[in-house]
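Working notes, beginning with the structure itself.
Number of protein chains: 2
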Amino acid sequence: MTPMIQACVMHFGEMGSRWGINRTVGQMYALLVLSQTPLTADQIAESLGFSRSNVSMGLKELQSWELVKLQHIPGDRKEYYSAPAEIWDIAKTLMEQRRKREIDPTLSTLRGLLMTDPVSEEEKYAQQRMREMHDLIEMLTKWTTEIQRLDSARLQVLLKLGNNLGKVLDIKDKLLGKN
Amino acid sequence: MTPMIQACVMHFGEMGSRWGINRTVGQMYALLVLSQTPLTADQIAESLGFSRSNVSMGLKELQSWELVKLQHIPGDRKEYYSAPAEIWDIAKTLMEQRRKREIDPTLSTLRGLLMTDPVSEEEKYAQQRMREMHDLIEMLTKWTTEIQRLDSARLQVLLKLGNNLGKVLDIKDKLLGKN
DNA sequence: CTGTAATTTCAGCAATTACTGAAATTACAG
DNA sequence: CTGTAATTTCAGTAATTGCTGAAATTACAG
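Protein chains in written order, with the numbering used here: chain X, 1 to 179; chain D, 1001 to 1179.
In structure tokens:
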């Protein structure tokens, strides 16, 4: 592993650990993302200096997030892992999984609590706040769902727009202003 | 603490711990958000059954995230804590802090790595991926920055639009399609 | 100032999470 | 099938993170 790749792998390991993602799993994924060719578990263990079993568990975790593809090479008994070829696909998967695991349960909890009648002024206020949280989260979620619908090609356009993004959103603002 | 509030507090404690946020800190903040009146550290410790010192550390953490306001009540020596009155303000602060702590360092690391010349095909590919990551993260960040500029009033409009949000974004899509 | 209430700090213990190596299981070539 | 390579599981241990109570510090009323 070259120093450049190593530095990136380390950084994403650190970042992962701030996000409830195991540091070593973060490193493994960064390595896969940066690798042009699929890797075996042994290669990953070797590159990062982790035990083979740790890599096995990490890959299992990444599979549960649907972030890696498993493939076989004809005449080779080993399993090869790779990350999607498009970064945008990775981001979309992350958003979707986060929603499934964190947002949806939260919305459903909030809805449940909003069903019951408040028994005091205190609960009335708390419910008000829960309602605000619910509506805000729901809206932001819808927003990201729309964004997720963008395909890679469309995204290229947005990326090229770059600093003009603000203008596009200003137009949106004006549209909204009329409502 | 009523069962309804308790349930919400517990839920956000759990969720927090999936996000690299200490479970007890998450509970403390949920309690503050749901409380109509400011609370003292002692009240929080009492309500949640934590030690006074744990609450002290948790509040310090929340202050470092700029998520709580500290206030004094005349003739009372204790310190009272409260969350912003607007949920949207809380969300904006969270987005801003996350950006400062996680996104900005990541972008700057990636930029640094993209400055150096690739010494092999392997590094060339890795850099390509880093470039894609960088540009995507930068774009999404700009996006959220624009969203953050919305004030509460404007947000109300968006919230009321509700299911029509998709349509608004479709209009945006069409605008982009022309580019 | 002085005394006391409020708050913070921090060393030490508890709980949780991460990682490993050995054993078990699975996969498959021959 | 059989033998072997590959992978997974899991009990035990290591490392990290979280929490507490006691002591130190700070804040302020009188």
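Positions of the beta carbon are idealized from the N, C-alpha and C atoms, including for glycine.
From residue i to residue j, what does the alpha carbon distance come to, in whole angstroms?
i       : j       : result
I90/X   : M28/X   : 15 Å
Q1148/D : Q71/X   : 42 Å
S64/X   : K1078/D : 48 Å
S120/X  : Q127/X  : 11 Å
L48/X   : I1103/D : 24 Å
R99/X   : G75/X   : 40 Å
P1038/D : M15/X   : 34 Å
S82/X   : E138/X  : 33 Å
S1051/D : I21/X   : 28 Å
L107/X  : L1155/D : 19 Å
L31/X   : L140/X  : 31 Å
N179/X  : E146/X  : Confidence is the limiting factor: at N179/X the pLDDT is only 47, short of 50, which leaves the residue's position unreliable, though a coordinate-based value still follows. Near 20 Å, if we compare the C-alpha coordinates of E146/X and N179/X.
V68/X   : G58/X   : 11 Å
K1160/D : P105/X  : 23 Å
A1007/D : M1001/D : 10 Å
R1101/D : D42/X   : 34 Å
R1129/D : L1136/D : 11 Å
R23/X   : G13/X   : 5 Å
S1017/D : H1011/D : 10 Å
A153/X  : G1112/D : 27 Å
L158/X  : L1158/D : 22 Å
S1053/D : E1046/D : 12 Å
I953/D  : M95/X   : In the structure as shown, chain D starts at 1001 and stops at 1179, and residue 953/D therefore has no counterpart that could be examined.
Y80/X   : Y1080/D : 57 Å
Are the beta-carbon atoms of residue i and residue j separated by less than 8 Å?
i       : j       : result
M4/X    : E1123/D : yes
V55/X   : I44/X   : yes
V1009/D : E1061/D : no
T40/X   : E66/X   : no
H1134/D : L1110/D : yes
Q1097/D : Y125/X  : no
W1019/D : W19/X   : yes
With residue i as the anchor, note down where its beta strand (DSSP E) starts and where it stops.
i       : result
Q1036/D : Segment: none, Q1036/D is in no beta strand (DSSP E) and carries neither H nor E.
L1070/D : 1069 to 1072
Which of the three DSSP states, helix, strand or coil, is assigned to residue i?
i       : result
M1001/D : coil
E46/X   : helix
E86/X   : coil
G1013/D : helix
T1144/D : helix
Since residue i is in the alpha helix (DSSP H), which residue starts that stretch and which ends it?
i       : result
S152/X  : 152 to 161
V1119/D : Counting along the chain, V1119/D falls outside any alpha helix (DSSP H), and DSSP gives it neither H nor E.
N54/X   : 52 to 64
G1112/D : 1104 to 1115
query: Three or more beta-carbon pairs under 8 Å between the stretch 1076 to 1090 of chain D and the stretch 1103 to 1119 of chain D, yes or no?
result: In short, these stretches do not touch, since the Cβ pair count stays below three.
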